[in-house]
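Each remark here refers to the structure printed beneath this line.
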Amino acid sequence: MTMKKIQYLVFPLFLLLILTNCFNKKDDVLPEYKLNPVDSIDVNEYQVYSLILKENFKSSKELVIKQKTVVLIASSMINGYQESIKKDNPDLDATLFSDFTEKNDSSFNLGTQLTVPSKTITLITSEEVAHFFTPTDVNQGWNDFYKKHPNSNGMIDLTRVGFNKDKDQAIVAVGHYYASLGAEGLLIYLVKKNNSWRIVQTINTWTS
2 MTMKKIQYLV FPLFLLLILT NCFNKKDDVL PEYKLNPVDS IDVNEYQVYS
52 LILKENFKSS KELVIKQKTV VLIASSMING YQESIKKDNP DLDATLFSDF
102 TEKNDSSFNL GTQLTVPSKT ITLITSEEVA HFFTPTDVNQ GWNDFYKKHP
152 NSNGMIDLTR VGFNKDKDQA IVAVGHYYAS LGAEGLLIYL VKKNNSWRIV
202 QTINTWTS
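Shown next, in the form of structure tokens:
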């Protein structure tokens with residue numbers, strides 16, 4: 002075979018290799034998802050969020066948080082924990098459960114006011130979550146997620162925070178999702194003293 006013929010064979014193969022590599026790289030590029038317009042949420046709620054994120058996710062450098070808050074589907078289940086918390090905390094103001102239920106009958110969009118010292122906060126839209134996780138291959142979705150967020154420990158979702166009238170007691174639910182069969186839910190009761198929030202009780206409400 003002459004050198005000229007070899008060149009004719011090698012060049013198309015080389016071109017095909019380059020094109021294939023370009024297409025593969027294009028497939029790896031994720032679409033850009035813009036955050037939704039931020040809803041008005043009380044500064045006290047962001048203070049509570051910051052504390053529970055700081056205390057419950059110490060090992061993660063990046064916290065990936067769903068921008069939309071969770072809608073409370075079964076309020077009776079959450080209210081069922083009221084007696085358990087009341088038993089250990091006689092000063093519990095039950096009105097915060099009413100506020101919690103009322104606030105969480107619809108979703109709200111969180112904003113960049115959500116901060117935690119020494120952590121990177123990344124808000125993720127419902128559209129981007131749907132892009133990662135299709136019903137056909139959830140495991141691959143997690144692989145793709147961790148490629149984009151290698152310093153995270155999964156995704157977090159939050160409810161709105163329920164307060165009593167004096168806003169010195171609060172309750173909030175948190176979901177943490179980190180694998181196909183790895184997730185948990187927490188219900189957290191907090192009290193504000195000397196102008197500072199502290200976590201009083203945490204209840205594990207569900208595990209997957």
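Residue numbering for the sequence shown is 2 to 209, as defined by our numbering. Note that the Cβ used here is the ideal one computed from N, Cα and C, for glycine as well.
Close beta carbons around residue 179, own chain, < 7 Å, minus the five adjacent residues each side
154, 155
Proximity below 7 Å, CB of residue 144 to CB of residue 62:
For residue 144 and residue 62, no; Cβs fall outside 7 Å.
Residue 162 - DSSP class collapsed to helix/strand/coil
coil
Every unbroken alpha helix (DSSP H) within the region 76-118, with a cutoff of 4 residues, ordered by chain:
Counting only runs of 4+ residues, the alpha helix (DSSP H) found wholly inside the region 76-118 occupies 76-80, 83-89, 96-104, in chain order.
Expressed to the nearest angstrom, what Euclidean distance is found between the alpha-carbon atoms of residue 34 and residue 85?
41 Å
Mind checking which residues open and close the alpha helix (DSSP H) that includes residue 69?
No alpha helix (DSSP H) contains residue 69, which DSSP labels as neither H nor E.
Inter-residue spacing [alpha-carbon to alpha-carbon] between residue 11 and residue 51:
Residue confidence for residue 11 is low, a pLDDT of 42 falling below 50, so the modelled location carries little weight; the figure read from the coordinates is stated next. One C-alpha to the other measures close to 59 Å.
Out of 67, 190, 125, 146, point me to the one whose CA is closest to residue 97's CA.
190
Run the CB neighbour count on residue 199, radius 10 Å, all protein chains shown included, and call it buried at 16 or more, exposed below.
exposed
Which one of 168, 64, 182 has the shortest CA to CA distance from residue 44?
168
Specify the secondary structure class of residue 147 as computed by DSSP and reduced to three states.
In this structure, DSSP gives residue 147 a helical state, which the three-state scheme calls helix.
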